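Peer 1: One structure, as structure tokens, below. Some questions next.
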């Protein structure tokens, strides 16, 4: 772990102190932790209508100014709610990174829910609509993929060395030959159209549901202009059965784009599986299922 990734100890007391010092008009509001915290940021509810979002490490703090600048420009193009910045806090003696205050968005994170088949199928259509709206935005300038978003939207070759090492390390656990074949086929393809907007971390922890409908997409730290393949991994990391079929059919990309989407999925799933000591644990079985789906599908 580099110094840029060393987690900073963030507490509700620290959040309250920063609010009191930098935004005294909000100092009287209660600060409470959200139900499930993320890895890159700590989030606290600020009164009934706002939240404070604080990066846990230097590398994640790079995303704060970008989100502050871009989200107000993207919001009018999307029918699903996204975070709307209210204030940006500055680094201080107590906390070394910028942070954000956002409007609170109603809904429950999908990773806290168990959805039936009907709900999953409806959600697949909602996800397609969001991604198509995002990809069709053509009047907002934005950054190319890079360190600021861990190269999401770049070509899968940026993770070639890591992917091959991970597949090799897991040779007794997964179908190594099939995995390498998929990776190499995807490696030879490329997105040869103009870059489109990507979310960059299109995962269930960043999706909110209300009344069985997609109500919001959050965490745009990975946003950039690039190859949309990285946002399609949700087809294997979460969707299944008819819901997956709906998503794939409605997104309507060419075979090469789906190959790269599978390669992104394979890279991330092998990375996660390599970190799990017990390869027969429930957590490991989830990653093995994802890997099997992409290499056999």
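In the UniProt record's numbering, the protein residues as written are 1 to 297.
Beta carbons are placed, not taken as given, at the ideal position from N, Cα and C, and that holds for glycine.
Since the structure is predicted, the reported quantities are computational estimates derived from the model, not experimental observations.
So, helix, strand or coil for residue 129, using DSSP?
Peer 2: helix
Peer 1: Closest to residue 111 by C-alpha separation, out of 87, 88, 64 and 214, would be which residue?
Peer 2: 214
Peer 1: Counting along the chain, where does the alpha helix (DSSP H) carrying residue 91 start and finish?
Peer 2: Premise fails: residue 91 is in no alpha helix (DSSP H) and is neither H nor E.
Peer 1: In angstroms with no decimal places, state the Cα-to-Cα distance between residue 295 and residue 11.
Peer 2: 42 Å
Peer 1: With DSSP collapsed to three states, give me the class of residue 143.
Peer 2: In the structure shown, residue 143 sits in coil (DSSP, three-state: anything other than H, G, I, E or B).
Peer 1: Could you spell out the range, first to last residue, of the alpha helix (DSSP H) harbouring residue 271?
Peer 2: Unbroken alpha helix (DSSP H) run through residue 271: 255–275.
Peer 1: Could you pull the start and end residues of the alpha helix (DSSP H) that residue 247 belongs to?
Peer 2: Looking at the DSSP string, the run of the alpha helix (DSSP H) that includes residue 247 is 241–251.
Peer 1: Give me the Cα-Cα distance between residue 46 and residue 16, rounded to the nearest whole angstrom.
Peer 2: 9 Å
Peer 1: Output the distance between the C-alpha atoms of residue 264 and residue 235, rounded to the nearest integer angstrom.
Peer 2: 11 Å
Peer 1: Give me the residue from 197, 247 and 289 with the minimum Cα distance to residue 73.
Peer 2: Minimum Cα distance to residue 73 is reached at 197.
Peer 1: For residue 162, count neighbouring Cβ atoms within 10 angstroms of its own Cβ and tell me buried if that reaches 16, exposed if not.
Peer 2: Around the beta carbon of residue 162, fewer than 16 other beta carbons sit within 10 angstroms, so the residue counts as exposed.
Peer 1: Tell me whether residue 289 is buried or exposed, calling it buried when 16 or more other Cβ atoms sit within 10 Å of its Cβ.
Peer 2: exposed
Peer 1: Please give me, in chain order, every unbroken run of the beta strand (DSSP E) with length at least 3 that falls completely inside the region 135–200.
Peer 2: 196–198
Peer 1: Assuming the contact rule is C-beta atoms closer than 8 Å, residue 229 and residue 260 should be a hit. Round their C-beta distance to whole Å, please.
Peer 2: The C-beta distance from residue 229 to residue 260 rounds to 4 Å, short enough to fall under 8 Å.
Peer 1: To which residues of the same chain is residue 243 closer than 6 Å at the C-beta, ignoring the five residues directly before and after it?
Peer 2: 120, 121 and 124
Peer 1: What does a CB cutoff of less than 6 Å around residue 68 pick up in its chain, not counting 5 residues either side in sequence?
Peer 2: For residue 68, where only same-chain residues beyond five positions count, the Cβ hits under 6 Å are 85 and 88.
Peer 1: Roughly how many whole angstroms lie between the Cα atoms of residue 237 and residue 25?
Peer 2: 42 Å
Peer 1: What residue range does the alpha helix (DSSP H) around residue 291 cover?
Peer 2: 282–296
Peer 1: Looking at residue 323: is its Cβ nearer than 8 Å to the Cβ of residue 97?
Peer 2: Missing from the structure shown is residue 323; the chain here goes from 1 to 297 and no further.
Peer 1: Using the C-alpha atoms, what's the distance from residue 279 back to residue 137?
Peer 2: 42 Å
Peer 1: Do the region 148–159 and the region 125–136 make contact, defined as three or more Cβ pairs closer than 8 Å?
Peer 2: With contact defined as three or more Cβ pairs closer than 8 Å, the region 148–159 and the region 125–136 are not in contact.
Peer 1: Have a look at residue 167 and residue 276 and give me their C-alpha separation to the nearest angstrom.
Peer 2: In this structure, the alpha-carbon of residue 167 lies about 14 Å from that of residue 276.
Peer 1: Can you give me the start and stop residues for the alpha helix (DSSP H) that residue 71 sits inside?
Peer 2: 63–74
Peer 1: May I have the straight-line CA-CA distance separating residue 7 from residue 42, to the nearest angstrom?
Peer 2: Rounded to whole angstroms, residue 7 and residue 42 show a C-alpha spacing of 11 Å.
Peer 1: If I measure Cβ to Cβ from residue 94 and keep anything under 8 Å in the same chain, skipping five residues before and after, which residues do I get?
Peer 2: 14, 17 and 18
Peer 1: Using three-state DSSP, classify residue 123 as helix, strand or coil.
Peer 2: helix
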